[in-house]
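Peer 1: To start, I am sharing the structure in question, which I have written as C-alpha cells.
Number of protein chains: 2
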Amino acid sequence: MTRTLIGTLKSEVEKEVTIQGWVDVSRQQGKMAFFDFHDRSGKVQGIVFGKPEVLEIAQKLKAGYVVEVTGNVHSRPEKMRNEKSENGDIELEVTKIEIISEAEPAPFDMDTELNLDTLLDYRPITLRRDHERAIFKVQAEILVAYRNFLNSEGFTEFQAPKLVGGDAEGGAEVFKVKYFKGVEASLATSPQLYKQIMAGVYERVFAVGPTFRAEKSATTRHLSEISMLDLEMAFIKDHTDVISMVTKLMRAIVEHVNKACAAEIVLLDIPLALTPEAFPVMTLREAQALIKKETGVDKTTEPDLEPEDERFLCDYANKNLGSDFVFVTHFPTKKRPFYTHVDPACPEFTRSFDLLFRGLEMCSGGQRVHRYEDLVQRIKDKGLDPDKFSFYLQAFKHGIPPHGGIGMGLERLTAKLCGVVNVKEATLFPRDINRIDTFTSKEQSTEAEI
Amino acid sequence: MTRTLIGTLKSEVEKEVTIQGWVDVSRQQGKMAFFDFHDRSGKVQGIVFGKPEVLEIAQKLKAGYVVEVTGNVHSRPEKMRNEKSENGDIELEVTKIEIISEAEPAPFDMDTELNLDTLLDYRPITLRRDHERAIFKVQAEILVAYRNFLNSEGFTEFQAPKLVGGDAEGGAEVFKVKYFKGVEASLATSPQLYKQIMAGVYERVFAVGPTFRAEKSATTRHLSEISMLDLEMAFIKDHTDVISMVTKLMRAIVEHVNKACAAEIVLLDIPLALTPEAFPVMTLREAQALIKKETGVDKTTEPDLEPEDERFLCDYANKNLGSDFVFVTHFPTKKRPFYTHVDPACPEFTRSFDLLFRGLEMCSGGQRVHRYEDLVQRIKDKGLDPDKFSFYLQAFKHGIPPHGGIGMGLERLTAKLCGVVNVKEATLFPRDINRIDTFTSKEQSTEAEI
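Sequence order for the protein chains is A and B.
So the first sequence is numbered by our numbering: it starts at 1 and just counts up by one.
So the second sequence is numbered by our numbering: it starts at 451 and just counts up by one.
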C-alpha cells in the first residue's frame, strides 16, 4: 500500500491510509490503546479498540518503535478536539500495525529539560525531540533563504578549500594537519583570501562551509568547528554598500524563516525579530559614547566591544530604535586584519563593521584593500611576509575592483533566531576543547559563562 | 551615475550608460581605440574616436584593468554585426573612462591552452578565463539544482562535522589533526555515520561539504579534498528506492544545467547528457558477463570494476541503451563497508550500487543496515570495535527505519558535465599529494594517467 504522509491526513478523512513513522507515546487502557505517531511531515493520534489481533501487537509498541500503521482517518468529536495540537481535530482508527524496527527506551525522559552534556552525549536521540528538530529546521531554512537571496542578487556560490598551506594570516589559533611527505598543513580559519580571489572572477560570490579554530575557551559562544556563511561583492564604493546588501540579506532570512518555520517559532516560543528597513549604524566611538551616556561606564578609548557592550547596544536598539540588529563600524586599523580597508578620512580607523543581533556579534565585514601596493604594505605593517601571500596577491597584481564582504557564523545566527543561550545547542555535533561527539579526555571542564 | 550591467545593454540602445568591468582586449588604431569589456553579466565592445581627452586615458588601458566607462549604446551597422559573439549587434561609443584599478599583464597568453601546472599555479587569474568561468558556473548551478530538487522531495539540509574523533571506519587513508591536550583527531572521509543519524531525525536529509582523503595517488581522478554531495532517505523498501530517487535527481540536475548554463555548454562545446526516464541497471556480475561477451575479456569473478570497465560500460550504454548513466548493483559483501545492507537473496552480495557517468564512477550508494544487532555483528565481522561506534549506534538502538543513500563527488560530476579530462580542472583550488595552491615540496611528480 502506498504510504501517506501524516502531514496530509486532514485531506484523507473517512479514508483508509497507511502511514509509516515512529511511536512517540504509547498508552494502554484495558482493551484500548492510544498512540502518538510522527513522521517527517507531522504528528497524529492513533487509537486501537475492539481488534484483539491488532491490540496484541499494539501492546508491544514503545516510544521509538518504527511502525507501519493502516487505519481509517476520522474527524474527532467536537469536545475531543485539541486545537493547539497538530492534527488535533482528527485521529487514526488503527486496523493494522506492522513493526518495522524495535527500539530501546531512551535512558532519560525525552520531554524534560536536559542539561547540556546529556543533550550532547545522546545527540543521535536528543535530536529527535521536537525542540531540537525545530532548531535545525530553522537552521536549514536560514540556508535556503541565504542562498536564494544571494542567487537573486547575482552572486555565484563557490567551494572554498579547507586544507590550507600555512597559517599565513596569523591571528586566530590554527589546527595543524599532517600532510604528505612530512609537510604540515593547516585547517582554514576563514575562506577570506579565496573569496577575494573569487570576487576577481565573478564579482559577487558566496560560500557555505566549515571553518576551524583551535579556541582554547569553552564558552557559550565558542566552537572548534563553525559553519560559516561568507559573501564578497565587487564594485562597491565603500563598506556602506556591503551594509546595505547585508541588511537586505538579514531581512530576507528573517522573513523566510518566519514563513517557512511558523510552527517551529511557536514551539520555540520566540518573538519575531525586529528588522526595520534600515538597521541602526554607529561607529565604534559613537557606540562607546552612547554606552557612557546611558550607563556612565567610560569605554570610549577601548579598541573593541566587549560582550557586555554588545548586549547593551542590542538591548538599546531593541527598546529605542525598533531593531534587533545593530551595525557598529570603524574598528581601529591596529585591531583589524591586513586586508581591511582603512578609512582615508580617519586612517586610524577602518571601513569595517560588526553586525550585532540580540546581544551577540553575528558577523564581521567591511571593505577590503584592493590596490596591490597598499596590500603588500599592509601585510608588511602587520609583520607578515608578502612572499607567503604570493598566490593570493596574483588577484591584486592583475586587477581587482574595490570589494568587500562578510563572514557570519551559522550556529550563532541559528541560536539567536531560536532563542537558545548556548551556541552548542544550535550546532548538530558541536566540537570544542573538550568534546568531539564524546569527551576527548576524561578531564571534563565545565562551561564558563562569559 | 548608476551602474548598468553589460548583460542588459541591448535594452539601452541609443541611451547613455555607465558600465564597470574589466578590460579583456585593448587595440589602438591611430586616433581610435577598441576594447572588449566584461563584467559578471556579459561582454561588450567599446570604441573611442574623436575624443582626444578620452583617447589619452584609453591608451593606458591594458588587459586586466578595472574601469568605469560611460558611453552611448549603438546598434552596429548590419555588416559589422557578429551574431556569434555576445552583444555582437551593439557597441558602446565611449565618452568617458575612469581607471578604477591598474593591472599587470598575465605572464602568459590568456587565450591559449595552458598546461595543468600553469593553470593551477596561476589560479587567481586563470579562473578569469571564459573556459574556467564556464566550468565553475556549471558547478554552482549543479548545486542549485541538487538542493532545489531535494528540498522539493522533503529532504532537510544539515551540516556534517569534519573534525572526527577517530578513524572508526578504517579503510580510506585519513589525515590526522593535532587536537587539544595531545589528543589526535581525524578529518572526515565521509559524512556517512552522521547522515544515518540524521535520517533518524528528519527521514530525508542531505549535506554538501568537504571530505578529506590522504590519497597517495596523483591521478586525474584523485583529490585530497573533495566536495561531497550526500543524501540519505528513510522508509525505503530496498536500494531500488534510492536508485529511483537518484535517477530523478540526476535528470533534474542535467535539465537545470542545460537551461541555466546554455551559453556555457556552447562555450565548452559538450554534447547534452543522455538521461532516459530510467537509467540502465545491471548487477556487477551481469556487467562483467556483458564485458566478456562484448570484449572477450573475462573478469566475471573480479570483486569490483576497474576504470577500463567503467569506461566500457558507459560507452556501451551511450551507444546501445540511450543513456550516459549506468547503475551497477550488488557489489560483494566483503568489499563494501560494514554499514552496507546484504541482499538476503544472495548474502555474498550487497544492496549497493555505483552510478557511472561518462566513463567514471560518479557516486556510490545503497541500502544501509538498520537493525541494531545486525549492525553490531557487521562491525565485528569487519574486525572493527563496536565500542568505538557507541555514539553512532545510539541511533540504531533507539529505533531507525530502513534507509539508504549516496555520496557523490561534486568535482567529478562537474568534470564529466563539462567534458574536462582531469578532475583538478573542475576543482577551484585542488589539493593533492603535491599541491596546496602552490607545490608543497620541490619534488614535483608528474600526473600519472591511470
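Virtual Cβ for every residue (Gly too), placed ideally from N, Cα, C.
Going by the beta-carbon positions, is the gap between residue 65 of chain A and residue 849 of chain B smaller than 7 angstroms?
Peer 2: Taking the first residue of the first sequence as position 1, residue 65 of chain A is located at position 65. Taking the first residue of the second sequence as position 1, residue 849 of chain B is located at position 399. Closer than 7 angstroms, so yes.
Peer 1: Determine the direct distance from the alpha carbon of residue 152 of chain A to that of residue 72 of chain A, and round the result to whole angstroms.
Peer 2: Here residue 72 of chain A is taken as the residue at index 72 of the first sequence, counted from 1. Here residue 152 of chain A is taken as the residue at index 152 of the first sequence, counted from 1. Distance between the alpha carbons of residue 72 of chain A and residue 152 of chain A: 45 angstroms.
Peer 1: Since residue 873 of chain B and residue 673 of chain B should fall inside the 8 angstroms C-beta cutoff, what is the C-beta to C-beta distance between them, to a whole number of angstroms?
Peer 2: The residue labelled residue 873 of chain B in the question sits at position 423 within the second sequence. The residue labelled residue 673 of chain B in the question sits at position 223 within the second sequence. About 6 angstroms; that satisfies the 8 angstroms criterion.
Peer 1: Give me the Cβ distance between residue 499 of chain B and residue 456 of chain B, rounded to the nearest whole Å; I'm assuming they're in contact under 8 angstroms.
Peer 2: Position 49 of the second sequence, counted from the first residue, corresponds to residue 499 of chain B. Position 6 of the second sequence, counted from the first residue, corresponds to residue 456 of chain B. Between residue 456 of chain B and residue 499 of chain B the Cβ distance is about 21 angstroms, and since that is not below 8 angstroms, they are no contact.
Peer 1: If you follow the alpha helix (DSSP H) that residue 199 of chain A is in, where does it begin and where does it stop?
Peer 2: Working through the first sequence from its first residue, we reach residue 199 of chain A at position 199. Run containing residue 199 of chain A: 192-202, per the alpha helix (DSSP H) assignment.
Peer 1: How many angstroms separate the CA atom of residue 853 of chain B from the CA atom of residue 138 of chain A?
Peer 2: Taking the second sequence and counting its residues from 1, one reaches residue 853 of chain B at position 403. Taking the first sequence and counting its residues from 1, one reaches residue 138 of chain A at position 138. Approximately 24 angstroms between the Cα atoms of the pair.
Peer 1: Of the residues B:776, B:608, B:564 and B:734, which one's Cα is nearest the Cα of residue 723 of chain B?
Peer 2: For the purposes of this step, residue 723 of chain B is identified with residue 273 of the second sequence, where counting begins at 1. That would be B:776, whose Cα lies nearest to the Cα of residue 723 of chain B.
Peer 1: At a Cβ threshold of 7 angstroms, is residue 257 of chain A touching chain B?
Peer 2: For the purposes of this step, residue 257 of chain A is identified with residue 257 of the first sequence, where counting begins at 1. No - not a single Cβ of chain B is within 7 angstroms of the one on residue 257 of chain A.
Peer 1: Under 9 angstroms, CB to CB, which of the residues in the stretch 546-579 of chain B have a partner in chain A?
Peer 2: 550, 551, 552, 553, 554, 555, 556, 571, 572, 573, 574, 575, 577 and 578
Peer 1: Tell me the DSSP secondary structure of residue 556 of chain B in three-state form.
Peer 2: Locating residue 556 of chain B in the second sequence gives position 106, counting from the first residue. DSSP places residue 556 of chain B in coil when its eight states are reduced to three.
Peer 1: Using only the alpha-carbon positions, how far apart do residue 742 of chain B and residue 736 of chain B sit?
Peer 2: Within the second sequence, numbered from 1, the residue matching residue 742 of chain B stands at position 292. Within the second sequence, numbered from 1, the residue matching residue 736 of chain B stands at position 286. Inter-residue distance for residue 742 of chain B and residue 736 of chain B is about 10 angstroms (C-alpha atoms, whole angstroms).
Peer 1: Anyone know if the C-beta pair for residue 218 of chain A and residue 432 of chain A falls short of 7 angstroms?
Peer 2: Reading the first sequence from its first residue, position 218 is the one you call residue 218 of chain A. Reading the first sequence from its first residue, position 432 is the one you call residue 432 of chain A. Their beta carbons are under 7 angstroms apart, which means residue 218 of chain A touches residue 432 of chain A by this criterion.
Peer 1: Is there a C-beta anywhere in chain B that falls below 7 angstroms from the one on residue 227 of chain A?
Peer 2: Taking the first residue of the first sequence as position 1, residue 227 of chain A is located at position 227. With 7 angstroms as the cut-off, residue 227 of chain A counts as an interface residue toward chain B.
Peer 1: Check whether the stretch 683-695 of chain B touches the stretch 803-823 of chain B, counting contact only when three or more Cβ pairs, one atom from each stretch, lie closer than 8 angstroms.
Peer 2: Two segments are said to touch when three or more pairs of C-beta atoms, one from each, lie closer than 8 angstroms; by this definition the stretch 683-695 of chain B touches the stretch 803-823 of chain B.
Peer 1: Identify every residue that forms a DSSP beta bridge with residue 403 of chain A.
Peer 2: Taking the first residue of the first sequence as position 1, residue 403 of chain A is located at position 403. Its beta-bridge partners are A:234.
Peer 1: Can you tell me whether DSSP reads residue 438 of chain A as helix, strand or coil?
Peer 2: To locate residue 438 of chain A, count along the first sequence from 1; it is residue 438. Three-state result, residue 438 of chain A: strand.
Peer 1: Does residue 437 of chain A get closer than 7 angstroms to chain B when you measure Cβ to Cβ?
Peer 2: Translated into positions along the first sequence, residue 437 of chain A becomes position 437. It does; some Cβ of chain B falls within 7 angstroms.
Peer 1: Show which residues of chain B have a CB atom less than 9 angstroms away from the CB atom of residue 370 of chain A.
Peer 2: One-based indexing of the first sequence puts residue 370 of chain A at position 370. Within 9 angstroms Cβ-Cβ: 516, 550 and 551.
Peer 1: Can you tell which of B:526, B:826 and B:772 has its C-alpha closest to the C-alpha of residue 845 of chain B?
Peer 2: The count along the second sequence starts at 1 and reaches residue 845 of chain B at position 395. Looking at the Cα atoms, B:826 is the closest of the given residues.
Peer 1: Give the residues of chain B in contact with residue 409 of chain A, contact being defined as C-beta atoms less than 8 angstroms apart.
Peer 2: For this step, residue 409 of chain A is matched to residue 409 along the first sequence. Ordered by position in chain B, no residue passes the 8 angstroms Cβ test against residue 409 of chain A, which lies about 11 angstroms from the chain.
Peer 1: Is the number of C-beta pairs between the stretch 855-865 of chain B and the stretch 362-376 of chain A that are closer than 8 angstroms three or more?
Peer 2: no
Peer 1: Relative to chain B, which residues along the stretch 419-434 of chain A have a C-beta separation below 9 angstroms, given in chain order?
Peer 2: 427, 428, 429, 430, 431, 432, 433 and 434
Peer 1: Out of B:518, B:662 and B:503, point me to the one whose CA is closest to residue 548 of chain B's CA.
Peer 2: The residue you call residue 548 of chain B lines up with position 98 of the second sequence. Residue nearest to residue 548 of chain B within the set B:518, B:662 and B:503 is B:518 (criterion: CA-CA distance).
Peer 1: Does residue 262 of chain A pass the burial test, meaning 16 or more other C-beta atoms within 10 Å, or should it be called exposed?
Peer 2: Taking the first sequence and counting its residues from 1, one reaches residue 262 of chain A at position 262. It is exposed - the Cβ of residue 262 of chain A has fewer than 16 other Cβ atoms within 10 Å.
Peer 1: Locate the alpha helix (DSSP H) running through residue 700 of chain B, then write down its first and last residues.
Peer 2: Position 250 of the second sequence, counted from the start, is the residue given in the question as residue 700 of chain B. From DSSP, the alpha helix (DSSP H) with residue 700 of chain B extends over 689-710.
Peer 1: Helix, strand or coil: how does DSSP classify residue 74 of chain A here?
Peer 2: Within the first sequence, numbered from 1, the residue matching residue 74 of chain A stands at position 74. Three-state DSSP puts residue 74 of chain A in a strand.
Peer 1: Determine the direct distance from the alpha carbon of residue 770 of chain B to that of residue 726 of chain B, and round the result to whole angstroms.
Peer 2: Looking up residue 726 of chain B in the second sequence gives position 276. Looking up residue 770 of chain B in the second sequence gives position 320. Whole-angstrom Cα-Cα distance: 12 angstroms.
Peer 1: Measure from the C-beta of residue 356 of chain A to each C-beta in chain B and report whether the shortest distance is under 7 angstroms.
Peer 2: Position 356 of the first sequence, counting from 1, holds the residue named residue 356 of chain A. Taking a beta-carbon distance threshold of 7 angstroms, residue 356 of chain A does not count as an interface residue toward chain B.
Peer 1: Have a look at residue 290 of chain A and residue 840 of chain B and give me their C-alpha separation to the nearest angstrom.
Peer 2: Indexing the first sequence from 1 puts residue 290 of chain A at position 290. Indexing the second sequence from 1 puts residue 840 of chain B at position 390. Cα-Cα distance, rounded: 52 angstroms.
Peer 1: Work out the CA separation of residue 20 of chain A and residue 95 of chain A for me, nearest whole Å.
Peer 2: On the first sequence, residue 95 of chain A is found 95 positions in, with the first residue counted as 1. On the first sequence, residue 20 of chain A is found 20 positions in, with the first residue counted as 1. Each residue's alpha carbon lies about 14 angstroms from the other.
Peer 1: So is residue 107 of chain A buried or exposed if we call it buried at 16+ other beta carbons inside 10 Å?
Peer 2: Here residue 107 of chain A corresponds to residue number 107 of the first sequence, with the count starting at 1. Exposed, because fewer than 16 other Cβ atoms sit within 10 Å of the Cβ of residue 107 of chain A.
Peer 1: If contact means a Cβ-Cβ distance below 7 angstroms, which residues of the stretch 335-356 of chain A contact chain B?
Peer 2: none
Peer 1: With H, G and I counted as helix, E and B as strand and the rest as coil, what does DSSP make of residue 868 of chain B?
Peer 2: The residue labelled residue 868 of chain B in the question sits at position 418 within the second sequence. Three-state DSSP puts residue 868 of chain B in a helix.
Peer 1: In three-state terms, what does DSSP make of residue 346 of chain A?
Peer 2: Position 346 of the first sequence, counting from 1, holds the residue named residue 346 of chain A. It is coil, neither helix nor strand.
Peer 1: With the cut-off set at 7 angstroms, would you say residue 591 of chain B and residue 473 of chain B are in Cβ contact?
Peer 2: Taking the first residue of the second sequence as position 1, residue 591 of chain B is located at position 141. Taking the first residue of the second sequence as position 1, residue 473 of chain B is located at position 23. Not in contact: residue 591 of chain B and residue 473 of chain B (Cβ atoms no closer than 7 angstroms).
Peer 1: According to DSSP, is residue 488 of chain B helix, strand or coil?
Peer 2: To locate residue 488 of chain B, count along the second sequence from 1; it is residue 38. Note: residue 488 of chain B maps to strand in three-state DSSP.
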